[in-house]
């Protein structure tokens, strides 16, 4: 290849690469990550036996074309109330939360070891 062709390829490949990377980040944030889920309306909350965590449940209404969904938000009580979404399930309107022990919670018959495990209906 001559020098002119190499420069043209370089000049066109850099913007294309940047666009693809930005598109990938956008898709991850809005379609894969649990951190961009809708807030919803508060349903119920239950604290772990040792008080280290609180699990709050919210119901979201997707409108006329989608069903209700339940979002579970884990609150780290010892870390200034930091939160993390750990539960997202479609076609649910209520949340039943019970703690098995300090690190195990059951929400609507799904058992999670907190804070490491998550349940997301899109991947089950």
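In our numbering, the protein residues as written are 3 to 126.
We put the CB at the ideal spot given by N, CA and C, even for glycine.
Keep in mind that this is a model prediction, so the values were computed, not measured.
DSSP, read as helix, strand or coil, puts residue 54 in coil.
Taken atom to atom, the span from the alpha-carbon of residue 104 to that of residue 86 is near 17 Å. Taken in chain order, the complete beta strand (DSSP E) segments of 3 residues or longer contained in the segment 67-104 are 70-78, 84-92, 99-103. Classified as buried, residue 57 has 16 or more neighbouring CB atoms from the shown chains inside 10 Å of its CB. Judged by pairs of C-beta atoms under 8 Å, the segment 86-100 touches the segment 35-47, as three or more such pairs exist. Distances from the alpha-carbon of residue 118 to those of 125, 31, 76 put 76 closest.
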